[in-house]
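In terms of the numbering used here, the sequence shown has 356 at position 282, counting the first letter as 1, and numbering is strictly consecutive. Think of the CB as a built atom: it goes at the ideal place given N, C-alpha and C, for glycine as much as any other residue. Only one structure is covered here, and it is reproduced in the block below.
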Amino acid sequence: MSKSIVAALQIGALPGGKADTLEQILSYEEAIIESGACLVVMPEALLGGYPKGETFGTQLGYRLPEGREAFARYHANAIDVPGPETEALAGLSARTGANLVLGVIERNGHSLFCTVLFFDPQAGLVAKHRKLMPTGTERLIWGKGDGSTLPVVEGKAGRIGSAVCWENYMPLLRTAMYAKGVDVWCAPTVDEREMWRVTMRHVACEGRCFVVTACQVQPSPAVLGSRVENWPDERPLINGGSLIVGPMGDVLAGPLVGEAGLLTAEIDTDELVRARYDFDVTGHYSRPDVFELRVDERAKPGVRFIQD
């Protein structure tokens with residue numbers, strides 16, 4: 075069937091850590107079932123957290139001991155992939171019958187990655203994508219992914235791919251994913267700005283695909299009983315803005331602002347053929363005689379052991 079329900083689950087990482095946040099995700103099981111959604115997209119860094127405003131004790135040229143302690147706490151709150159959290163999420167996918175796409179902080183040894191996980195109701199954890207380019211000071215705490223984690227997954231709603239937050243501003247990454255035939259573009263984020271919504275509409279129109287973007291919601295420092303340097307005490311740290319967009323850039327649902335919730339819309343992948351009639355960015359509208367993109371999908375470990 076070409077028609078299906080897709081959803082963005084707009085929630086935030088909880089101050090109590092990954093166990094509390096996982097319970098929050100699982101608490102939406104009935105809501106997901108009642109919605110009839112066969113795809114649910116959740117925000118960036120949902121499990122593991124997005125430590126907005128944290129400096130990790132770093133100044134240019136030196137690092138303070140308290141920053142190392144902050145990183146140790148952050149590392150402890152990250153998840154192993156696979157691990158107990160992914161098992162619980164696979165169970166949620168199976169019980170709801172929905173593909174799940176969500177952002178986590180993945181622990182790999184002593185390094186952390188901002189990662190998107192893909193779950194299938196029958197097969198469980200089927201793929202992951204590591205953010206290729208952390209933005210700004212995110213590079214202090216997250217490693218960079220490589221071309222080996224650029225999956226497109228067959229789901230009930232169509233072919234599913236993902237780019238995380240400001241990766242969506244990378245035109246060559248978008249081109250590579252378009253060429254893989256993405257039907258539903260999943261964009262976990264913590265970007266609450268109006269400009270982000272403009273970007274999501276652009277991606278949908280450029281790729282002639284459906285876009286589901288899910289943003290975290292985080293209360294203000296005043297509500298949390300904390301203080302974030304250079305951030306107003308009463309302003310929410312992250313204010314949501316999740317939305318669902320059609321392949322001509324039309325907003326189908328949202329934006330959902332300032333509150334948690336499950337945002338849904340019906341999509342019809344038969345619309346994609348009609349949408350690409352006059353613009354197929356890596357098909358008839360491309361100029362391979364002029365432009366060529368090569369994508370290296372080999373894994374790039376820091377150390378290789380070669381034996382006869």
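Under DSSP, Lys77 shares a beta bridge with Asp342.
The secondary-structure analysis by DSSP pairs Asp194 across a beta bridge with Gly198.
Per DSSP, reduced to three states, the secondary structure at Ile107 is helical.
One alpha carbon belongs to Ala349, the other to Ala93, and they sit about 42 Å apart. At a cut-off of 3 residues, the continuous stretches assigned as beta strand (DSSP E) that sit fully inside the stretch 276-303 are 284-289.
One alpha carbon belongs to Val256, the other to Arg147, and they sit about 37 Å apart. Per DSSP, the unbroken alpha helix (DSSP H) holding Pro158 starts and ends at Pro158 to Thr170.
Here the stretch 116-132 makes contact with the stretch 176-183; the two share three or more CB pairs at distances below 8 Å. Look at His149 here: in three-state DSSP terms it is helix. Under the three-state reduction of DSSP output, Gly183 falls in the coil class, being neither helix nor strand. Your pair Gln98 and Gly314 does not check out as a contact, with CB atoms roughly 15 Å apart and the cut at 8 Å. DSSP places Arg233 outside any alpha helix (DSSP H); the residue lies instead in the beta strand (DSSP E), whose first and last residues are Gly232 to Ser236.
Ala81 and Leu336 do touch by the CB rule: their CB atoms are close to 5 Å apart, below 8 Å. At least 8 Å separates the beta-carbon of Pro156 from that of Cys188. Ile312 is bridged by DSSP to Gln292.
When DSSP states are grouped into helix, strand and coil, Tyr359 belongs to the coil group. Around the beta carbon of Pro139, a 10 Å sphere encloses fewer than 16 other beta carbons of the protein chains shown; the residue is thus reported as exposed.
Here Ala296 is exposed, its C-beta having fewer than 16 other C-beta atoms within 10 Å. Taking each of Ser76, Gly299, Ile234 and Leu317 in turn and checking the Cα distance to Leu311, the smallest one comes out for Gly299.
Across the structure, Glu128 and Arg213 are spaced so that their CA atoms are roughly 13 Å apart.
The C-beta of Gly229 has 16 or more other C-beta atoms within 10 Å across all chains shown, which makes the residue buried.
For Pro245, the uninterrupted alpha helix (DSSP H) run begins and ends at Pro245 to Ala253, by DSSP. In the structure shown, the three-state DSSP call for Glu228 is strand.
The bridge partners DSSP lists for Ala82 are Val115 and Leu337.
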